[in-house]
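Input: a single structure, listed below in structure tokens.
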Amino acid sequence: MDMDPLQLFRDQFNPHSEAEVKWLEAVFYFIRDHVCPVLSGPTSSCRTADQCASQLSVSVLKRIQKNMSSTHTLPVSYRLVCVSELLSHQRLACVSNLSWSTNQQQMLAREVELSLPGQQALPRANLLLIGCLTHNEDGELRLTDASGSIRCEVLSPSPLWLDRLVFLPHWHYIPQSAPKQAQAEAQGYVELIGSPVLLCPGLVHGLVTVPGTEVGPKIAVSVTEAATLIHNRTRGQRFSVYGQVAFVCPLLVVAGTSFFCFTLTDNTHTIPVLVKDSSRLWWTHCVSVGVCVSVTALRACVLQAWKGNILCVTKHSEIHKIHNQPHTYTRAEDTPQAIHPPLMTHLEEGQPETCLVQSAVRIKQSRVISYQGTVTEVVSEGAGLYIMDRMMGVCLAYQPTLRRKLRVGDTVQLHHVHFLYRPCPDFPPSMLCTCLRSTLTVTNFSRVLGSAPDRSCPGDGVLPRLLVERSTAVSQYLWTCHLSAQLRRSLFPSAATQCVCVLSWKLMAIVLGQEQRQRRDIYAEMLDEPHSCVLMQYATDLAQHQYVSLSDLCKSLQEDSWASLSLSSLLPPTGGGLTRVELNTALAWSSRTLSSDCRNKPGKTLRQRPLLLVGVLELPSHTSHHTLQLRDGTGVVACVITETTQEEGEGRRAVFNTAWIGCLVCVQQFTMVTERFLQSDFPSYQHLDQDKFITHKHCRVYLQFSQDCLHILSPSVAMETHQCLKGVESVDEEEKEKEVEIVVDSKRRRDDEGPEASQSSSSSTTTTTYPCISVVLRLEQKTGVTWMNTGSGREEQEAGLIACFSAKTTVVGPVVVWGQDPKNRPMKDFEADKEKQVTVVCSGASARWFPILQPECFYRLVVPNTHDRGVLIGCAVTGQSHDFIMKVQSDWRFHTLTRPLLAHTNEQSVSATVSSVSEVLDDSCADVVCFQGFVSERINLDDRTRDTGHTDIGVRLTVCDQNGRSIHVYLKLKHNTYPPGLLPGNTLMLSAFHRRLSRTGSVYCTNLPVSCVTVMHVQDKSSEGRQTVPIMHLGLWTRHSCTVARIKGHVVCFLFLQLQWKCSQCGSVYRQSACSQCRSSSASVFDSTAKLVIDDGTGEAHVRFSGVHVRQLLGLADSQWEGLQRALRLRGDITVYPRGRSPACYSDDQLLHFLLLCVRSVDLLSLTCSRQHEAKAEEVKRLSRSKRDFLTRMAPPPKLTCLHMHSSQTTVKC
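Per the numbering used here, the sequence shown runs over residues 203 to 1416.
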């Protein structure tokens, strides 16, 4: 009677406990249910499945005990797991090693974590795997049991393992993370960290021998002999070749066919081998660089795509590793260096040879090397970017995507890889890039968990696919990958990865330009000698554009604005003599402008890379900032944008097209402005280093740029329509109009038909569910944004104050009903009718339209979600009086019409005439003026700051025109919002300003509550500093309008010189360490003033000097000037009149005599001066010549202020 196979199995191992009995039974049943079914059939000695399971279980258990650290017990803590259970239940990566003890496992875990700081070792899982090791048509090695199969990654597989039943004592399991919709395809895989244990005997493979041995029927020839056979190939001939593997190309799929190539070499020759048969694609795991192999049943064929002969593997071919190779083959000195470059573990930072220099871009040649290292960072799996040894970047994008992604901790060998130095400033200086001839081999699998994939990086291979399609250079590809990761974090945190990658690629083509490169020849890249590929040359540009998020930009500007601020630099050259009030007023406001592109700036700059911004243009979201703003996922920044007018060619104006709202744009050239507001109470300039006198400070950051610097990445619907009208896209206008069915009220229909008739006709013809009404208007004038008291407070603002502005418009047609928002589509004939003057009022949320509404432009005002014409009629489009008012609601929309009907563009406009500065100065009739000019100077008049952060200051602007004439404009911003862009160099249009006369007859302007300031043109930072000061003759200066010029002449006489110590509090003379007025003040400042007459032969002028210019005028050194101040400390002041008697002229006054000597030594001067415009009439003067007197009218001499002294030749002759 036969004994139970299970009992026989138990008896052979003599279990000592109930736990061991149950464990043996579990092993028996597992092998019977999951392992035996995958075998081809029971052996001859097995009559039943249980007997087969019993014999196989005994074999398995004996091999398990051999691999255990302790062989006298059974591993009851381990259990056998089937493939399906491993894939479905094991969610975390783990390691299983049967030979480890607990102490060994803990020691190895600590060793791994110390070698890779910040990483965690793989947790241990007591699981055992048994199955059949097979391969599929794609060349994958798989472990199969009755429940399923799992992919296996093996470091150095042997052909003898295939189709064998194996037991895995040492392995890693790595689950694949994927979105829910792709979890079915994304399964984990097993990494074999040791050789598998063969359980059943396999087939005996044919032996291959090298020359000189007679072991089998297959005789292998050397590479040299094979090269001759390939050249003189015979049809149907098959032969075997042995040699050393030189290169292993990656597995490629072309037109649905998978193949790979490798080369065999000996002392003198190299031959390529093509593996195309699907049953032999698994050889890619067995072939490694430097390994000697023998390949059987090869045939010689012609590869037409390469135009050369090659060896091809047949379905009868086999591969074998040769461990005992001939002595003549192992001579390393005979191996060509180009085929086997030395294996490097580190590289010194050295630049490859430079071939060509093109401006800032340098074209270099790459070096081909071999490298071995450890992966320390996964930059982007999908883009194929890694960091090795914390210093070496690796780019695998020029090869097909790896089946097994590299993990942190993997030890990798790279053969025939291209070494590049500084191809992209966003990556490590040293970069390794693989081509189709490069070989990547993992020599040790990682033993750490690694971090989760960075979802901000492209992870699905979109960028490598674009790289193959466009044949992009490596420097551009690296920059695009870095940009894609940044955009994913800052711009689209929830968008699809493919959209971000495509957007990054489009940005790369815009910013860097898409070079026309020839298509890659994959066969030549793999097989040609000498080697040539797209990585042989590369470009380096350390000034590549750098993308920054808006939050980082604003934070950096705010921090740098205060860190780089020197309070003394904000003061004029005469700052040492300013009183307390003058000093703190001068410090109250300052600005700092930086260009986004510093490459062309002279001198050294900390930032050499130009900046790049990406965001969505929006209307202002806060009522306190009435400018357009740029927004991304991290922050928002205000923008002052101008554009070029089409009518005037080179003219500029504020941006007016609403189609830009909602566009995703790239800003390539811009100016960053930081306005600093400081509230302080410094006693004198000597206390500027003490921060305790600063009571409050804040800054405001915004951008200035032209619309020409914008590149549209994703247009809005209105922008698409605008581009079609400009001819950017050939879209039939009639097809666009089919989407919207228009219901037009006939011009002959009376208004008393009511809105019901309009609604009934609209509902009968429209199919959309979003009706709207609209009216076309032409904007004539607009006021500035003011704070209006509505009587109701809001949480974020002062109680009862909301922003408000109004605009005078001309309604050019009737109310039109639409089935869908027409947006900015061309104006139709039925939208034009009798014109009416209407005042449009925008307050609260509707005030956000202020920056986009500009005079002399046409707009379509749309009221959504209604077709009741009474909505607009009730807003006084029609009325009894002449003052029609239309109050815009928060959900109404304006759309710019760039192509209005020609009949209305030629109508008489009621817009205010824009004058020049000269016309405002000369015209004495108008009290309220509108003029345009550029700002030459800005002076702060008050330093009070509200608690809400809004600046309540007074500003004096000096506005000039092209003729050089200037006018002072005073702005009191108590009831108005603070306008950005009031900076020197910007061109402004000032509307509705009050023209006034001063006591001396000078013309100046002040703002009214309805005044509006519009930035028409921003200063071009690239041309800043190029303007030169003209050289002017004094006699001709009065005929020119320039205010600043350089003069040169002789001193006719010195009118006066005044030196004094004055109180910083009240400005009185400070004598004997006390103020003559306020006795409590203890701070004093030194003030110096001089006035003289200069003549250059064409005329005379009175020139005033102050501060440091007085010291330069007198020709005193710094030590002499300080000594002069000390000598005057007790005396307090001194005034010198060189042409007459000084008030304090004493015969023994040595100080006075010293100053008189200094004054008399002043002779020839070269100065840069500013001229004061005065309205004084010519004076009648009597001139005596001999015995005759002459009366003549003469203009008073011009009054100048010295701004700078040029190489003065004055010296002290005493």
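Cβ coordinates follow ideal geometry from the N, Cα and C atoms, glycine included.
A quick note: this is a predicted structure, and the numbers were derived from the prediction, not measured.
Query	Result
Beta-ladder partner(s) of Pro822, from DSSP	Looking at the DSSP assignment, Pro822 forms no beta bridge with any residue, so it has no partner.
At least three beta-carbon pairs within less than 8 Å, the stretch 1229 to 1242 to the stretch 1263 to 1281	no
Exposure of Lys1383, with buried meaning 16 or more beta-carbon neighbours within 10 Å	exposed
Beta strand (DSSP E) segment containing His733, residue limits	Careful: His733 lies outside any beta strand (DSSP E) and carries neither H nor E.
Arg212, DSSP secondary structure in three states	helix
Neighbour-count burial assignment, His684, 16 or more Cβ in a 10 Å radius	buried
C-beta atoms of Ser686 and Leu785 nearer than 8 Å	no
Cβ-based neighbour list, Lys478, same chain, cut-off 6 Å, excluding 5 preceding and 5 following	Phe461
Option in Ser1048, Glu982 and His1097 with minimal Cα separation from Pro1028	His1097
Contact under 8 Å by Cβ, Leu258 with Cys238	yes
Contact belief for Leu345 with Ile352 at Cβ below 8 Å, rounded distance in angstroms	5 Å
The stretch 489 to 501 / the stretch 439 to 452 touching (three or more Cβ pairs under 8 Å)	yes
Residue environment, Leu815, which counts as buried when at least 16 other CB atoms sit within 10 Å	buried
Local conformation of Val945 per DSSP, three classes	Here the model assigns Val945 a pLDDT of 32, short of 50, so the residue's position is not dependable and the matter cannot be decided.
Residue from Arg794, Asp1070 and Asp628 with nearest C-alpha to Gln678	Asp628
With 16 other Cβ atoms within 10 Å as the buried cut-off, status of Leu370	buried
Simplified DSSP assignment, three categories, for Tyr972	coil
Cutoff 6 Å; reference Arg833; Cβ partners in own chain excluding five residues on either side	Gly817, Val818 and Glu820
Cβ-Cβ separation, Val570 to His618 (assumed contact under 8 Å), whole Å	6 Å
Glu520 - DSSP class collapsed to helix/strand/coil	coil
Backbone CA spacing between Thr1216 and Arg672 [nearest angstrom]	45 Å
Proximity to Gly575 [Cα-Cα], best of Cys597, Asp612 and Leu604	Asp612
Minimum C-alpha distance to Leu1190 - residue among Asn1165, Val670, Glu731 and Gln1221	Gln1221
Sufficient close CB pairs (3 or more, under 8 Å) joining the stretch 364 to 378 to the stretch 289 to 309	yes
Residue burial classification, Cys1255 (beta-carbon count within 10 angstroms, cutoff 16)	exposed
Residue environment, Glu922, which counts as buried when at least 16 other CB atoms sit within 10 Å	buried
Classification of His1408 by the beta-carbon crowding that lies within 10 angstroms, buried from 16 upward	exposed
Straight-line Cα distance separating Phe449 from Thr436	26 Å
Straight-line Cα distance separating Ser706 from Leu1495	As displayed, the chain neither begins before 203 nor continues past 1416, which places residue 1495 out of reach and without an answer.
Uninterrupted alpha helix (DSSP H) stretches inside the stretch 1191 to 1249 (no shorter than 4 residues)	1236 to 1239
8 Å Cβ cutoff met for Val839 and Cys756	yes
Ranges of the beta strand (DSSP E) found wholly within the stretch 461 to 493, counting only runs of at least 3	472 to 477
Segment contact flag, the stretch 644 to 653 with the stretch 315 to 323, C-beta cutoff 8 Å, min 3 pairs	yes
Endpoints, the beta strand (DSSP E) within which Met874 is located	Thr873 to Ser882
Contacts around Cys626, its chain only, beta-carbon distance under 6 Å, and the 5 residues preceding and following it disregarded	Ser677, Leu680 and Trp681
Cβ pair count under 8 Å reaching 3, the stretch 1087 to 1097 against the stretch 1040 to 1048	yes
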